[in-house]
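Numbering (this note's numbering), first residue to last: 25 to 237.
Backbone N, C-alpha and C define an ideal beta-carbon position, used for all residues, glycine too.
These notes concern the structure reproduced below.
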Amino acid sequence: MDYQQINQAIFLLKTAAYHLENMVQSTPPDRAKNQTVAETMETVKQALSAMSAAINPPLMTDVPQELLSQAAALGIPLDDLEVRVAISSHHPSQLAGVLQEIDQRAGEIKRRRAYFLVRISEMPIEPLGPRVPVVTAADFQWPQEPISQEFIDRIKVKYGIDKLMEKQRQSPNSLFEKIKQAKAALEPSLFFASKDFDADIDEYFDEDEELPF
């Protein structure tokens with residue numbers, strides 16, 4: 025337990041209570057300002073962050089450095105305890121999402137710290153990294169050393185490239201010719217199978233033709 029953070033939380037809670045008590049005792053209800061209550065709520069949030077840090081120190085060693093650098097460049101105070109607790113208690117993709125949103129709307133967002141603390145928990149959790157392979161100029165460069173013929177031959181055998189090339193070289197006419205030859209070879213056997221050969225043999229042979237046996 026980090027008592028330093030506990031003492032900080034106690035101080036912040038006392039400060040918040042003092043402001044509320046002072047408003048109640050010295051200001052009529054019809055003259056009380058909402059801003060006083062809003063500022064007190066912010067103080068209470070800081071106290072809650074201090075108590076959370078006392079139990080689980082906000083370590084950011086697992087946060088990608090590029091995200092921390094981007095946050096600092098966008099004006100997010102990384103030394104702020106509430107910010108550190110928010111970063112350490114959320115997924116890095118949520119941090120990346122809120123930083124991207126702040127970057128895209130930089131001209132519209134004035135209170136970036138407050139916006140960051142509110143929006144980070146609303147960001148969806150997604151896998152980190154590019155969604156498509158990163159293509160670099162090196163991917164389009166041929167290797168400096170020529171590919172050996174032995175390597176080419178192994179690739180041809182492995183993937184049957186020669187057979188594929190042979191199939192491509194065969195024209196449709198040659199394929200139809202083979203089908204025609206196969207059909208012609210099968211026609212006599214199909215013809216005799218459809219007839220009663222013993223009963224109608226005279227229909228197929230001339231009476232004067234000598235049989236070969």
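Residue i (DSSP reduced to helix, strand or coil)
{"i": "K134", "result": "coil"}
{"i": "S113", "result": "coil"}
{"i": "R178", "result": "helix"}
{"i": "N80", "result": "coil"}
{"i": "L72", "result": "helix"}
{"i": "L102", "result": "coil"}
{"i": "M189", "result": "helix"}
{"i": "M47", "result": "helix"}
{"i": "D26", "result": "coil"}
{"i": "M147", "result": "coil"}
{"i": "A206", "result": "helix"}
{"i": "G121", "result": "helix"}
{"i": "I171", "result": "coil"}
{"i": "A56", "result": "coil"}
{"i": "V87", "result": "coil"}
{"i": "R129", "result": "coil"}
Buried/exposed call for residue i, threshold 16 Cβ in 10 Å
{"i": "T85", "result": "exposed"}
{"i": "S76", "result": "buried"}
{"i": "F20", "result": "Outside the displayed range of the chain (25 to 237) lies residue 20, so it cannot be described from this structure."}
{"i": "E106", "result": "buried"}
{"i": "L141", "result": "buried"}
{"i": "F237", "result": "Low confidence applies to F237: its pLDDT is 43, below 50, so where it sits in the model is not reliable, and the reading given next is rough at best. Looking at its Cβ environment, which holds fewer than 16 other Cβ atoms inside 10 Å, F237 is exposed."}
{"i": "A33", "result": "buried"}
{"i": "A40", "result": "buried"}
Residues near residue i by beta carbon distance below 7 Å, same chain, minus five either side
{"i": "I144", "result": "A110, H114, Q118, L119 and V122"}
{"i": "G99", "result": "R136"}
{"i": "P88", "result": "P116"}
{"i": "M47", "result": "A56 and T60"}
{"i": "L44", "result": "T64"}
{"i": "I149", "result": "H115, S117 and Q118"}
Own chain residues within Cβ distance below 8 Å of residue i, not counting five before or after
{"i": "I30", "result": "A74, M75 and A78"}
{"i": "P101", "result": "V107 and R137"}
{"i": "I239", "result": "What the structure shows of the chain is the stretch from 25 to 237, and residue 239 is not part of that stretch, so it cannot be assessed."}
{"i": "M25", "result": "A78 and I79"}
{"i": "V180", "result": "Checking the displayed sequence, the identity of residue 180 turns out to be Lys instead of Val. Cβ within range, chain order: D186."}
{"i": "L83", "result": "S112"}
Sequence-distant residues of its chain with Cβ nearer than 6 Å to residue i (five each side left out)
{"i": "L36", "result": "T67, Q70 and A71"}
{"i": "M147", "result": "Q118, G121 and V122"}
Within-7 Å CB hit, residue i to chain C
{"i": "V107", "result": "No chain C is present in this structure, which holds just one protein chain."}
**OP:** Say whether the segment 87-97 touches the segment 59-66, bearing in mind that this needs 3 or more beta-carbon pairs closer than 8 Å, one atom from each stretch.
**Re:** At 8 Å Cβ cutoff, the stretches do not touch.
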